[in-house]
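What follows is a set of notes on a single structure, which appears directly below.
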Amino acid sequence: MRVFTVFWLSLSIIGQDFLRDNLPLINKDANKTFEQGNYEEALKQYLDLYGQDTTNGALAYNIANTYLAMGDGEKAKQFYERALKSEHPEAKRRSQFNMGYLNLQGQQPAEAIKQYVDYLRESPHDLDAKRNLELALRQLQQQEQEQQQQQQEQQQQDNQDQQQDDPQNQEQSQQGDNQQDDQSDQGQDDSQQEQSQDQPNDPSDEPQDQQDQSSDQQPQDNQQGDSSQQQEQQDTYNDEMKEQILQALQDQESQQQKEFQKRKMGSVKRRAKDW
Numbered sequence: 004m005r006v007f008t009v010f011w012l013s014l015s016i017i018g019q020d021f022l023r024d025n026l027p028l029i030n031k032d033a034n035k036t037f038e039q040g041n042y043e044e045a046l047k048q049y050l051d052l053y054g055q056d057t058t059n060g061a062l063a064y065n066i067a068n069t070y071l072a073m074g075d076g077e078k079a080k081q082f083y084e085r086a087l088k089s090e091h092p093e094a095k096r097r098s099q100f101n102m103g104y105l106n107l108q109g110q111q112p113a114e115a116i117k118q119y120v121d122y123l124r125e126s127p128h129d130l131d132a133k134r135n136l137e138l139a140l141r142q143l144q145q146q147e148q149e150q151q152q153q154q155q156e157q158q159q160q161d162n163q164d165q166q167q168d169d170p171q172n173q174e175q176s177q178q179g180d181n182q183q184d185d186q187s188d189q190g191q192d193d194s195q196q197e198q199s200q201d202q203p204n205d206p207s208d209e210p211q212d213q214q215d216q217s218s219d220q221q222p223q224d225n226q227q228g229d230s231s232q233q234q235e236q237q238d239t240y241n242d243e244m245k246e247q248i249l250q251a252l253q254d255q256e257s258q259q260q261k262e263f264q265k266r267k268m269g270s271v272k273r274r275a276k277d278w
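Sequential numbering from 4 applies to the sequence shown in the numbering used here.
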């Protein structure tokens, strides 16, 4: 049974302080339009601004958020990627967070894990990113378990098909042997004299052929064994990596909880999140 979870997302827009030249005032109007929920009009205004400065990562991020609010994840991805390629640190940081969200929504946990690991290097205290990373790890584990189960079911089905085919193959083989024996007996009666003059085949030929086939098969078996061993080692490495990430997240969150309690005891106010 698939468990539906809530992923954390940031749709806060970047204000005029991050823009240049004559764009801030117009961007301020676009931001107000966005906050009022008029996304189509806000998108039009953002795109007009972006046409004047296509290198502006903040505008690319705002456009991506608007597309995402309108339900167009593919367009949002395109502009988040543009923001990630820009020189705007805040737009890059926020875009990386939301790209991880989109990959989670798209059932691409491996990509989401990469996004959140990179994001947490720059923002190690972001609890929302840690929660999303943990969800991505669980999603990846679930996908691997489902894939393994499908492979096992397919193997069982193949074995059943093979068992059903074996009796039919044996019956056909037996009929072929009987027919061959009849033809051999008839030929032996017709040409007994000629056969008596022919030299018999070397009886060692057949065992030698079988020995050659066995020798040829052995390297293939060894190769399959090496491939299976490599796959097991890779699976073990992936499991260890996931456990290390999860343990590191749990340790860090526990430490933050302790620090929070200390600040609370000292009557220090908690600073609100800036986005």
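Even glycine gets a Cβ: it sits at the ideal position worked out from N, Cα and C.
Since this is a predicted model, take the numbers as computed values, not measurements.
Assigned with DSSP and collapsed to three states, G76 falls in helix.
Per DSSP, the continuous alpha helix (DSSP H) segment holding Q118 begins and ends at P112 to E125. About 6 Å separates the beta carbon of Y83 from that of N101, a gap short enough to meet the 8 Å contact definition. In this structure, K133 lies away from L140, with their beta-carbon atoms at least 8 Å apart.
If only complete runs of 4 or more residues are kept, the stretch 36–100 shows the alpha helix (DSSP H) at 42–55, 60–72 and 76–87, in order along the chain.
Looking at L62, E77, T58 and N41, the one whose alpha-carbon comes closest to that of L50 is L62. The DSSP-derived three-state label of G109 is coil. Y70 and E147 have their C-alpha atoms some 32 Å from each other.
About 18 Å separates the CB atoms of K31 and G60; that is not less than 8 Å, and the two are not in contact. It is roughly 57 Å from the alpha-carbon of Q39 to the alpha-carbon of Q159. One alpha carbon belongs to T36, the other to E90, and they sit about 26 Å apart.
Taking C-beta separations shorter than 8 Å and ignoring five residues to either side along the sequence, the partners of Y53 in its chain run N59, L62, A63 and I66, following chain order. Closest in C-alpha terms to Q111, from the list D131, E93 and Q145, comes Q145. Of the residues assessed, G103 falls on the buried side of the cut-off, its CB having 16 or more other CB atoms within 10 angstroms. In summary, A113 is exposed, with fewer than 16 beta-carbon neighbours lying within 10 Å of its beta-carbon over all protein chains present. At a Cβ-Cβ threshold of 8 Å, Q108 and G74 do not count as neighbours.
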